[in-house]
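Q:
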Amino acid sequence: MAWPCARRSAPRRGSCWWRRHGEAVVRDGPFVMNTREEVEQARDDYRNRRNGFEMAAGWSSDYAATVAAH
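Residue 67 in the UniProt record's numbering sits at position 67 of the sequence shown, with consecutive numbering throughout.
Written out as structure tokens, the structure reads:
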């Protein structure tokens, strides 16, 4: 996992410096995990609307219900 650290001199707008914590980091699109297999599983869950992603079977939102009521 990576955590933001102090900015260095004159960073580019919107950029941030990162420091690793000795763990593997695999990034692909919006998915950041520790292994390629975990990234692929997250992408598969997202595509198939499983495992906590919005619109997953049985997923509901208290906020969405209040917005729809108005």
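All residues carry an ideal CB built from backbone N, CA and C; glycine is no exception.
#1: Quick one, are the C-beta atoms of residue 34 and residue 24 less than 7 Å apart?
#2: DSSP state of residue 67, grouped into three classes?
#3: Could you tell me the alpha carbon to alpha carbon distance between residue 47 and residue 22, rounded to whole angstroms?
#4: Going by DSSP in three states, residue 27 sits in which element: helix, strand or coil?
#5: Report the option in 37, 31, 45 whose CA atom is closest to the CA atom of residue 56.
A: Inspection of the coordinates gives the following:
#1: For residue 34 and residue 24, yes; Cβs fall inside 7 Å.
#2: When DSSP states are grouped into helix, strand and coil, residue 67 belongs to the helix group.
#3: A direct Cα-Cα distance of roughly 30 Å separates residue 47 from residue 22.
#4: Residue 27 sits in a strand when the DSSP states are folded into three classes.
#5: Looking at the Cα atoms, 45 is the closest of the given residues.
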